[in-house]
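Participant: In terms of the working numbering, the sequence shown is numbered consecutively and its last residue is 168.
Backbone N, C-alpha and C fix where the C-beta goes; we use that ideal spot for every residue, glycine too.
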Amino acid sequence: MLDNVKEILISEEAIANRCRELGAQISQDYKDTVPVIIGLLKGSVPFMAELMKNITIDCEIEFMAVASYSGTESMGDVRILKDLDRSIIDHDVLIVEDIVDTGKTLEKVKELLYSKGAKTVKVVSLLDKPDRRTVEIEAEYVGFTIPNEFVVGFGLDFNQKYRNLPYVGILKEECYKGA
Ligand code: 5GP
């Protein structure tokens, strides 16, 4: 597995440090409310775990699953695979995402959460690839802005593998070719 990683882009330590900063900022911004923090499965799991340790105000944790990519290319429409099983009416919602790429996933999920009656919907994303954006959407909180490379690790997969890497890395090109 490790032989397939060309380069470590963001170290485990850098992620931990950035999550401390993001947690402090979010705790400050949401101090007058109890946000519902919604992780998008499966990619957000390690980021959610690291981030929530650093949130020092009362909050609630939920998860949703949406279909995104197969391999390295977008499949177009986003499908809801696992919906929320609670009401978010009049709640301040914070979506936790692994990466904002084209922005299509977030656009749909934000739309859905507003249609369910959320008071506010904001986004915290571990990674942002602004060069790839096709819809006008930005995460309010971003861990790291990265170049247009396909990355894996810390929740991000290639064909369901590499999510368990403790850092974010770039895969060797030969790994895509056989897929
Ligand atoms: P968007 O809808 O913004 O194009 O795509 C978001 C989803 O695409 C992410 O949640 C992630 O699952 C997938 N994705 C986009 N870029 C990458 C990448 O560089 N690496 C991996 N592993 N997944 C990506």
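Quick one: what does DSSP say isoleucine 4 is sitting in, helix, strand or coil?
Facilitator: As a first step, residue 4 must be located in the sequence shown, where it is residue number 15. Three-state DSSP puts isoleucine 4 in a helix.
Participant: For tyrosine 156, which three-state DSSP category applies?
Facilitator: Indexing the sequence shown from 1 puts residue 156 at position 167. Tyrosine 156: coil per DSSP, three-state reduction.
Participant: Is the number of C-beta pairs between the stretch 120 to 127 and the stretch 81 to 88 that are closer than 8 angstroms three or more?
Facilitator: No: the two stretches stay apart, fewer than three of their Cβ pairs being nearer than 8 angstroms.
Participant: Go through its chain and collect everything with a Cβ distance to valine 141's Cβ below 7 angstroms, but skip five positions before and after it.
Facilitator: In the sequence shown, counting from the first residue as 1, residue 141 sits at position 152. Excluding sequence neighbours, valine 141 sits near Phe147, Tyr151, Leu154, Gly158, Leu160.
Participant: Using 8 angstroms as the Cβ pair cut-off and three pairs as the minimum, do the stretch 46 to 55 and the stretch 106 to 116 touch?
Facilitator: Cβ pair count under 8 angstroms is below three, so no.
Participant: Within its chain, find whatever has a CB closer than 7 angstroms to the CB of isoleucine 77; leave out the 5 residues flanking it on each side and keep chain order.
Facilitator: Counting from 1 along the sequence shown, the entry for residue 77 is found at position 88. Contacts found: Val25, Leu102, Lys105, Gly106, Ala107.
Participant: For arginine 7, count the other beta carbons within 10 Å of its own beta carbon; 16 or more makes it buried, fewer makes it exposed. Which is it?
Facilitator: Taking the first residue of the sequence shown as 1, we reach residue 7 at position 18. That one is buried.
Participant: Between lysine 118 and chain C, is the shortest Cβ-Cβ distance under 8 angstroms, so that the two count as touching?
Facilitator: The chain inventory of the structure shown lacks chain C, comprising one protein chain alone.
Participant: Roughly how many angstroms lie between the CA atoms of glutamate 62 and phenylalanine 139, to the nearest whole one?
Facilitator: Reading the sequence shown from its first residue, position 73 is the one you call residue 62. Reading the sequence shown from its first residue, position 150 is the one you call residue 139. The predicted model places glutamate 62 with a pLDDT of 49, which falls under 50 and marks its position as unreliable, so this point remains unresolved.
Participant: Whose C-alpha, out of Gln14, Thr134, Leu115, is nearest the C-alpha of valine 34?
Facilitator: Within the sequence shown, residue 34 is the residue found at index 45, counting from 1. It is Leu115.
Participant: Which same chain residues, not among the five before or five after aspartate 120, have their C-beta less than 8 angstroms away from its C-beta?
Facilitator: What you label residue 120 is simply residue 131 of the sequence shown in a count that begins at 1. Contacts found: Pro136, Asn137.
Participant: Taking 7 angstroms as the limit between beta carbons, can you name the residues of its chain near arginine 75, skipping five residues before and five after?
Facilitator: Here the question's residue 75 lines up with position 86 in the sequence shown. Hits under 7 angstroms: Glu51.
Participant: What are the boundary residues of the beta strand (DSSP E) that threonine 109 is part of?
Facilitator: Locating residue 109 in the sequence shown gives position 120, counting from the first residue. Element bounds for threonine 109: 109 to 117.
Participant: Would you mind working out which of Ala5, Ile46, Leu30 sits nearest leucine 73, comparing C-alpha positions?
Facilitator: Your numbering for residue 73 matches position 84 in the sequence shown. With distances taken between Cα atoms, leucine 73 lies closest to Leu30.
Participant: Threonine 134 bridges to which residues according to DSSP?
Facilitator: One-based indexing of the sequence shown puts residue 134 at position 145. DSSP, once it has assigned bridges, lists Asp117 as partnering threonine 134.
Participant: Is the separation between the beta-carbon of isoleucine -3 and that of isoleucine 15 shorter than 8 angstroms?
Facilitator: Position 8 of the sequence shown holds residue -3. Position 26 of the sequence shown holds residue 15. Not closer than 8 angstroms, so no.
Participant: When the Cα atoms are used, what is the spatial distance from lysine -5 to tyrosine 156?
Facilitator: The residue labelled residue -5 in the question sits at position 6 within the sequence shown. The residue labelled residue 156 in the question sits at position 167 within the sequence shown. C-alpha separation (whole angstroms): 13 angstroms.
Participant: For alanine 54, report the span of its beta strand (DSSP E) as first-last.
Facilitator: Here residue 54 refers to the residue found at position 65 when the sequence shown is read from its first residue. Taken as a continuous stretch (DSSP letters only), the beta strand (DSSP E) holding alanine 54 covers 49 to 55.
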